[in-house]
Every structure is written in C-alpha cells, then in structure tokens.
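So the structure is just underneath, and the comments pick up after that.
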Amino acid sequence: MSVKKDSKVEEPLNWKRELFEWLKIIVIAAAIAFFINTFLIANSKVPSGSMETTIMTGDRLIGSRLVYRFGGEPQRGDIIIFDHMTGPGNEEIHLVKRIIGLPGETVDIKNNHVYINQSQTPLEEPYLREPMESEDYHFTVPAGCYLMLGDNRNNSADARYWSDPYVPEDKILAKVLFRYYPGIKKIS
1 MSVKKDSKVE EPLNWKRELF EWLKIIVIAA AIAFFINTFL IANSKVPSGS METTIMTGDR
61 LIGSRLVYRF GGEPQRGDII IFDHMTGPGN EEIHLVKRII GLPGETVDIK NNHVYINQSQ
121 TPLEEPYLRE PMESEDYHFT VPAGCYLMLG DNRNNSADAR YWSDPYVPED KILAKVLFRY
181 YPGIKKIS
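Taking full-length UniProt numbering, the leading residue of the sequence shown gets 1, the next gets one more, and so forth.
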C-alpha cells in the first residue's frame with residue numbers, strides 16, 4: 001500500500017512580500033477612486049439651505065461629470081454642481097443650484113416671478129418651497145454662461161447677489177443625480 005504525500009509544503013510567511021501585496025492593493029484602489037472622482041462623478045456636501053426642500057442642509061450628493069461631456073447640453077431646471085467666485089474674499093467654491101437662464105437669454109425677475117425672454121407668462125417653478133419675495137432684476141446671460149438660482153429663493157445667496165451672476169460652462173462640474181446620505185433619493 002502506498003501513501004500519497006501532499007505536494008504542498010507550507011512556506012514561512014514573508015512579511016516583506018505580504019506588505020508589498022497590501023500596498024499594491026491600496027495604491028490601485030486609490031488610483032481607481034481618484035479616476036472615478038475626477039472624471040466620472042462629483043461628490044458634494046450641501047452646506048446651506050439654499051436648495052431646500054429639494055435638497056436639505058447636510059445632504060451628500062452624487063453628480064455625473066459625463067452628462068455634459070458627451071454632447072449633452074445643460075438645460076433649464078437641471079440641478080448642477082459648479083465652481084463660482086463668491087463668499088468672503090471672493091474665493092472659488094463648489095455650489096449647488098438650479099439652472100434658470102441659458103446662454104443668450106434674458107431673465108427678468110419682476111413681481112416675484114421669473115420671466116424668460118420677455119415672455120408674458122412666468123416660468124413654472126413647482127420646486128419652489130414658498131412664493132418668492134424678491135426685488136426686480138434683469139439679466140442678459142452671455143454666450144457660454146448660465147444663470148443659477150436656489151430653490152429656496154427667500155433664503156438663497158444666488159446669482160441675484162453675486163458680483164458676477166453668470167457661471168461659465170467650463171465651471172460646471174456635474175449634473176446632480178441623487179442624494180446618497182441620509183438615505184438614497186433621486187434628485188430632479
């Protein structure tokens with residue numbers, strides 16, 4: 001009778017090799033996360049109530065960086081993440097607002113309503129939390145730029161109050177798709 005010997009022989013643990021394998025995994029994971037966050041998605045935390053009740057203070061959002069890169073044009077009503085010069089010291093920060101004015105349009109805010117291109121009918125805005133109370137404004141949106149307003153108009157530091165009310169298209173980072181914290185919710 002013959003006894004079969006196991007051909008596997010346990011090798012002693014090589015700590016240097018094990019550490020190298022772990023470092024490789026961590027570097028690859030970090031590179032993938034960097035690629036995804038730089039080219040595919042934008043992750044943003046909402047610091048204020050300017051978009052309530054659509055988006056609440058403290059919500060964490062995911063936006064698609066690809067929507068506008070492959071032929072899609074920003075549309076009125078899209079909620080976007082963008083960079084804009086605002087705030088103390090006029091520094092550039094990430095903001096989340098809704099597109100109201102498109103390139104080449106005139107936007108008038110009068111009698112607490114928004115009018116596009118001298119229309120006699122105000123823009124329908126079912127997302128507003130309450131009726132807007134605003135001074136009258138007139139904007140002529142330059143080519144390649146957009147006009148942004150918050151959904152919580154009575155408590156939003158938006159284009160009406162910025163020294164430069166227009167956002168160039170190249171400053172748009174992503175179209176907001178959904179909230180992932182607290183709880184998952186599609187944003188529109």
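Virtual Cβ for every residue (Gly too), placed ideally from N, Cα, C.
Looking only at C-alpha atoms, which of the options sits nearest to residue i?
i, options, result
"residue 108", "99, 119, 98", "119"
"residue 82", "34, 21, 43", "43"
"residue 93", "106, 71, 45", "45"
"residue 76", "55, 114, 39", "114"
"residue 78", "27, 125, 117", "125"
Assign residue i to one of two classes, buried (16 or more other C-beta atoms within 10 Å of its C-beta) or exposed (fewer than that).
i, result
"residue 165", "buried"
"residue 61", "buried"
"residue 143", "exposed"
"residue 97", "buried"
Where residue i and residue j are concerned, what is the direct C-alpha to C-alpha distance, given to the nearest angstrom?
i, j, result
"residue 48", "residue 169", "23 Å"
"residue 72", "residue 15", "51 Å"
"residue 39", "residue 29", "15 Å"
"residue 18", "residue 158", "53 Å"
"residue 139", "residue 117", "10 Å"
"residue 187", "residue 70", "21 Å"
For residue i, which residues of its own chain have a beta-carbon under 8 Å away from its beta-carbon, when the five flanking residues on both sides are left out?
i, result
"residue 74", "68, 80, 99, 102, 146, 169, 172, 175"
"residue 95", "81, 82, 83, 84, 86, 148"
"residue 59", "45, 46, 179, 181, 182"
"residue 185", "178, 179"
"residue 37", "43"
At a Cβ threshold of 8 Å, is residue i touching chain C?
i, result
"residue 118", "The structure shown contains no chain C; it holds only a single protein chain."
According to the Cβ coordinates, are residue i and residue j closer than 8 Å?
i, j, result
"residue 64", "residue 32", "no"
"residue 57", "residue 151", "no"
"residue 130", "residue 111", "no"
"residue 163", "residue 50", "no"
Closer than 7 Å by C-beta to residue i: which residues in its own chain qualify, once you throw out the five before and the five after it? Chain order, please.
i, result
"residue 135", "none"
"residue 141", "101, 102, 103, 104, 105, 107, 147, 166"
Apart from the five residues just before and just after residue i, which ones in its own chain have a Cβ nearer than 6 Å to its Cβ?
i, result
"residue 127", "54, 151"
"residue 137", "109, 160"
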